[in-house]
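If you read the sequences in order, they're chains A and B. The numbering of the first sequence is our numbering, which starts it at 173 and goes up by one. The numbering of the second sequence is our numbering, which starts it at 12 and goes up by one. Where is the CB? At the ideal position from N, CA and C, for every residue including glycine. The block underneath contains the structure these notes are about, expressed in structure tokens.
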Amino acid sequence: MSYFADKPSLLADIFSRYPATPQGRRSALMPLLREVQDAEGFVSEARLAEIAQLCGTTATEVRSVMSFYSTYHTLPTGRYHLQVCSTLMCALAGSDELWDYLVSELDVVPGEVTPDGRFSVQKVECLGSCGTAPVVQLNDEGYYEQVTRTKCDRLLAALRAETPPPPDHPVPVTVREDGRQMLASGERVGASVADLVPLGGEA
Amino acid sequence: MKVVVDDIELDLPAGTSGLDAVFAAGRDVPYFCAHPYLSPVGACRMCLVESGSPRRNPDGTLVMEGEQPKIFWFPKPMAACTMQVTEGMHIRTAKTSDVVAKAQAGMMEFTLLNHPLDCPTCDKGGACELQDRAFEYGYGASRYGFDRRHAEKHFPLSDFVILDQERCIHCKRCVRYFEEVPGQEVLDFIERGGHTFIDTEEGGLPTGFQGNITDICPVGALLDNVARFRGRNWEYDHTPTTCTLCPVGCAITVDARNGRLERVVARENREVNEVWICDAGRFGHVFASEERLTRPLVRVKGELREADWDEAILAIRRGLGGLNPADLALYLNADSTLEEGAALEALAELIGTPSVDHWPRYGANVETTATLTDVATADAVVVLGADLGEEAPVLELRVLEMLRGGILPPEFPHGTAIADLRLVERPTRHPERLAVIGGAPRLSAHAGLRVTGGQRALARLLRPDTDELRAAAKLLAQAKKPVLILGADVLHSVSRELAAGLSDLVTRTGTKVLAIPAAPNSRGLAHLNLVPRAGGLGYDRLAEARAAFLSRLDPGRRARGFTIVHDTHLTATARLADVVLPAVTGYEKRGTTVNLEGRLLPLRQAALEAGEGADLIRTLTALAEALGVRTRIRGLKSAQALLAERLGVDVTDLPNSGVIRPLGRTFTAPTGLTFTPRLWKERMHPNPERRGSRVPDRADRIATWERTGQAGGDD
């Protein structure tokens with residue numbers, strides 16, 4: 173079943189952000205992937221082919237772009253998708269040990285979901301929080317920082333009880349309609365396009 | 012533009028890449044990702060050089076250092092393939108710069124970091140650029156003692172191409188090839204960084220031009236499945252020759268080992284196929300070494316029995332005894348060489364038979380004025396009733412080349428520019444320059460203007476009755492360098508009236524015409540009188556002939572009387588014949604063929620085991636002997652001498668790239684048959700494993716190396 177067939181206005185909105193040229197159509201690839209992933213948790217092969225057709229390209233190219241980013245998934249993820257930063261700073265601070273502990277504790281490897289559908293795990297590249305290493309990200313929501321074994325146990329217990337603790341640091345979610353960034357907590361940060369002033373003062 | 016490479020001063024055209032500057036200076040720099048007909052991308056980082064340029068003061072004068080302009084060197088080595096040389100630039104290669112030598116050796120060490128070093132068992136060994144360059148430019152030792160990363164091995168991308176992901180060094184040549192040349196984006200990098208591998212999501216490679224990636228892969232990651240593990244590069248006898256499967260006449264190298272044809276690889280002919288060949292040309296060669304007829308066969312008591320040539324000649328003499336030699340009809344395949352055609356023409360005249368024909372051919376000859384380079388550099392192309400995939404595949408690539416701007420890489424004394432900076436990834440294409448009318452299903456996907464229905468296409472184009480046809484006619488009228496390509500659907504029904512209309516169109520619009528001949532050498536053989544003369548029987552009336560000689564034709568019928576078949580295999584027709592004479596394939600002939608542009612191209616003989624197989628000239632000499640006549644042509648030399656007389660061309664010493672020469676008048680006659688072009692013949696079957704070539708069956712292969720699920724975007 174097609175995902176976008178009954179969403180013409182959404183498609184029109186996404187494509188309207190890019191030039192109406194063959195190259196422009198291809199540029200819509202990422203938001204289309206994001207749309208599917210947000211809705212279904214991962215991008216299946218059928219969706220991949222559907223997006224390729226919408227963008228006027230091949231499924232190979234969609235997979236190529238998609239596989240470049242660790243934030244897109246080709247396999248279903250659990251309700252709690254735990255992403256452990258594995259880049260140098262976190263590795264020095266013990267992320268390898270944390271990963272081993274997490275994997276054996278949950279009895280799950282990348283690409284798998286626990287039988288109750290709750291957990292999946294993934295190593296990711298730098299999450300940009302070296303000062304608070306090692307870092308674990310929960311879904312798209314936020315970071316748990318300086319995750320020791322005790323903290324990890326606490327986190328898993330909370331997740332098993334379906335009460336995810338608030339993240340230590342919400343992830344910035346970019347680009348609201350006015351171009352302003354917003355934290356997951358809803359706090360507005362930074363400037364928006366409305367704040368831009370032409371060079372040389374007021375136009 | 013003055014450029015200095017390793018203290019050698021050069022004068023180079025503007026736009027030259029650093030890589031070509033180095034080669035122009037006679038120096039060497041290693042490279043894996045650069046390729047003359049693909050965009051330079053600087054992916055492999057092997058072609059590092061030190062470079063520096065003079066700088067100007069604010070007043071426009073050069074910053075001087077004593078008498079000379081001061082050279083400001085870039086702080087680090089640069090990739091020469093993506094760097095354009097500028098006036099006064101200095102370049103240092105590994106020969107003069109220790110920095111470059113160290114950087115290249117380090118880069119080589121890095122490239123080999125996860126390469127599996129399968130060299131003893133990899134079938135690219137002996138032809139592997141990585142192996143050669145590691146030997147020339149590497150440290151000779153690695154500092155990395157850990158286990159290498161492992162990826163999929165022996166991964167069948169298609170029936171013809173095997174991928175070994177471990178060996179891939181990410182030069183991206185195959186990815187760029189599919190994007191830029193046939194315009195099929197079926198391969199790409201999946202994953203990133205050290206995890207990157209090549210794969211397709213389309214479930215396989217498209218048939219047509221997939222084999223070219225096995226030529227351009229600089230390592231053993233992509234291998235020709237038909238040829239792999241048949242021999243090492245140094246064991247092959249390499250014969251540069253011309254492919255005679257279609258009228259394009261691509262330059263190929265035929266690799267034979269122990270008398271077997273094991274591999275066909277593409278060779279460069281800038282004017283014809285650049286460096287690409289089609290899959291039929293590359294993979295459809297198994298017939299040359301399989302189930303060949305190696306001895307003559309003579310029908311004794313209703314059955315074909317092996318015999319020697321003397322017995323065969325005797326059988327022919329007996330069979331034709333009491334028959335007027337003029338009743339012997341002579342038919343030859345239109346992929347025969349000019350020399351063979353001349354020999355047949357001479358014999359036909361000698362015995363006075365009016366029944367001479369060649370097949371396949373069309374009932375009328377349309378004059379071709381365009382070359383393949385004209386097609387590639389045209390600003391408008393109209394393809395009329397042609398299925399290029401079946402008739403002339405590489406012509407399709409030249410049309411696609413036109414769509415991306417018709418940029419032909421310049422030529423240097425060291426060869427075609429290795430990194431032409433005008434070629435870019437994902438080039439802008441101009442589909443509005445191409446109209447496809449009827450036929451050509453694959454090409455129409457790239458055309459801005461598509462009209463279905465190839466029948467009567469020429470008549471309809473000359474008198475456009477729909478808006479689309481009017482647009483196509485306008486395309487020709489408004490372009491500066493238009494080309495009209497005519498295919499089988501049009502050519503088998505060209506009447507005198509149509510030909511007049513076409514010539515009117517050509518004069519009015521300055522359009523160049525490329526009519527695709529029916530067979531590999533139809534264009535050349537049309538200049539010899541090889542059509543039925545008055546009272547003669549054409550090939551379509553073979554069954555009426557009192558006696559017939561057929562060279563490599565398989566109509567599945569025989570003549571009314573005595574039938575002699577000259578063929579490479581025991582075909583259906585050969586089974587019906589009275590005498591079967593063994594022939595040689597196009598890979599084992601010496602001679603000349605004429606391609607669709609009218610370019611004379613040389614054929615050379617590969618070292619194949621053909622038993623007592625003989626080419627048509629020798630066979631006709633034997634036939635003449637059986638008939639008791641003495642023909643003037645008894646070998647290649649005399650045939651070439653006759654050609655010089657008949658056509659006014661010297662074909663004895665043709666260059667590899669061929670030459671275009673006028674060949675004089677053409678002979679035509681109506682034909683009662685309709686020709687349907689088909690590139691792949693039964694014996695060249697697309698599934699080589701089905702033809703007993705001992706390549707494991709695809710199902711077996713998949714069972715052996717079962718494709719495991721990819722984790723996709725997750726690590």
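Here Y315 of chain A is near S301 of chain A, since their CB atoms are less than 9 Å apart. Listed along chain A, the residues sitting closer than 7 Å to T211 of chain B by beta-carbon distance are T232.
Cβ-Cβ distances below 7 Å link V280 of chain A to T286, F291, S292, V293 in the same chain, with the five nearest sequence neighbours on each side left out; the list follows chain order. Under DSSP, G63 of chain B takes part in a beta bridge, and its partners are B:W84, B:H101. For the pair A323 of chain B and L553 of chain B, the CB atoms are not nearer than the 9 Å cut-off. The beta carbon of S236 of chain A falls within 9 Å of a beta carbon belonging to chain B, placing the residue at that interface. Residue range 180-188 is occupied by the alpha helix (DSSP H) that includes S188 of chain A. The beta-carbon separation of A381 of chain B and V524 of chain B, rounded to 6 Å, stays under the 8 Å limit for a contact.
Look at K106 of chain B here: in three-state DSSP terms it is coil, with no helix or strand label. Residue contact check for S239 of chain A against chain B: a CB pair falls below 9 Å. Look at D551 of chain B here: in three-state DSSP terms it is helix. Classified as buried, Q221 of chain B has 16 or more neighbouring CB atoms from the shown chains inside 10 Å of its CB. Of the candidates B:E378, B:L304, B:I209, B:E378 places its Cα closest to the Cα of A510 of chain B. Chain-order list of chain A residues neighbouring V172 of chain B: empty, with the shortest C-beta distance near 15 Å, by a criterion of under 9 Å. Counting only the Cα atoms, G37 of chain B lies some 24 Å from A54 of chain B.
For the pair H249 of chain B and R467 of chain B, the Cα-to-Cα distance works out to about 45 Å.
Residue range 339-344 is occupied by the beta strand (DSSP E) that includes Y342 of chain B.
Using a Cβ distance threshold of 9 Å, T427 of chain B and E282 of chain B do not count as a contacting pair. Chain-ordered, the chain B residues with CB closer than 8 Å to the CB of T229 of chain A read E196. Of all alpha-carbon atoms in B:H580, B:E422, B:A529, B:F294, the one lying nearest the alpha-carbon of A35 of chain B is that of B:E422. Apart from the 5 residues on each side of it in sequence, V392 of chain B sits with its Cβ closer than 7 Å to the Cβ of V386, V410, M413, R444, L445, V494, I496 in its chain, given in chain order. Residue state for N223 of chain B is assigned as helix, using DSSP reduced to three classes. The beta carbon of R610 of chain B is closer than 8 Å to those of G260, E282, V283, T382, G669, V670, I671 in its chain, skipping five residues each way along the sequence. Under DSSP, G400 of chain B shares a beta bridge with no residue. With 16 or more other Cβ atoms from the protein chains shown falling within 10 Å of its own Cβ, V215 of chain A counts as buried. Contact check for E273 of chain B against R694 of chain B fails: the beta carbons are separated by 9 Å or more.
For Q616 of chain B and K600 of chain B, the gap between their C-alpha atoms comes out near 5 Å. One finds E212 in chain B with Cβ atoms closer than 9 Å to the Cβ of L220 of chain A, taken in chain order. Nearest C-alpha to A221 of chain A among A:M173, A:P248, A:P337, A:Y252: A:M173. For I201 of chain B, the chain A residues whose Cβ falls inside 7 Å of its Cβ are R235, S236, S239, in order along the chain. Rounded to whole angstroms, R360 of chain A and L454 of chain B show a C-alpha spacing of 53 Å. Cβ-Cβ distances below 8 Å link R239 of chain B to D134, I173 in the same chain, with the five nearest sequence neighbours on each side left out; the list follows chain order. Judged by DSSP in its simplified three-state form, L658 of chain B adopts helix. Using a Cβ-Cβ cut-off of 9 Å, E277 of chain A does not count as an interface residue toward chain B, since no Cβ of chain B sits closer than that to its own.
Contact between S357 of chain A and A305 of chain A is ruled out by a C-beta separation of about 22 Å, above the 8 Å threshold.
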